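In the numbering used here, the protein residues as written are 50 to 174.
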Amino acid sequence: HDFCAISLSDNLKPWELIELRLLAAAGAGFVIALYNPISKARPWQLGRAFECLTAILPGTTPVIFGRAAGRPDERIEVYLLADVEAEKADMATCIIIGSPETRIIKRAEKPALVYTPRSSTGRTK
Numbered sequence: 050h051d052f053c054a055i056s057l058s059d060n061l062k063p064w065e066l067i068e069l070r071l072l073a074a075a076g077a078g079f080v081i082a083l084y085n086p087i088s089k090a091r092p093w094q095l096g097r098a099f100e101c102l103t104a105i106l107p108g109t110t111p112v113i114f115g116r117a118a119g120r121p122d123e124r125i126e127v128y129l130l131a132d133v134e135a136e137k138a139d140m141a142t143c144i145i146i147g148s149p150e151t152r153i154i155k156r157a158e159k160p161a162l163v164y165t166p167r168s169s170t171g172r173t174k
């Protein structure tokens, strides 16, 4: 499945452009990776990003918070878009928002898996 990566930092571009990119990516069905999600100087932007995404994506869309990936204190958490809390992120967090086709696969006594199929249900031949 296609994906895109969007920085939420508005140091080099206006916030309005970031919002347009979020809306376009969600509307096109991309899996979206967010980096630079939150900082002391801009604590509000991730919450606003989730508001933008909620306007287009279903509340059941999986959202993954990956903090300190590859480090000893690595933490991976899976949420639904309707339940996600921006305050749980920091600058060491990469956030992945699934597409409308992304699914959470629960496993007994193991962490859940998050899966987006390569094919689209709206696919035409």
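Glycine included, C-beta positions come from ideal geometry on N, C-alpha and C. Fair warning: this is a prediction, and the values are worked out from it, not measured in the lab.
Of the residues I154, K159, E150, I113, which one's Cα is nearest the Cα of K137? For K137, the nearest C-alpha among the options comes from I113.
In chain order, which alpha helix (DSSP H) runs of at least 4 residues are fully inside the segment 88 to 149? Runs found: 94 to 103.
So for L83, helix, strand or coil by DSSP? strand
I105 to P121 span [Cα, whole Å]: 36 Å
Alpha carbons only, please: which of A75, P111, L69 is nearest the one belonging to T165? P111
Return the CA-CA distance between S56 and E158, expressed in angstroms with no decimal places. 34 Å
What residues match up with R156 in a beta bridge as DSSP calls it? K159
Under the three-state reduction of DSSP, which class applies to A74: helix, strand or coil? helix
How about G115 and L130: do their beta carbons lie closer than 8 Å? No, they are not a contact pair.
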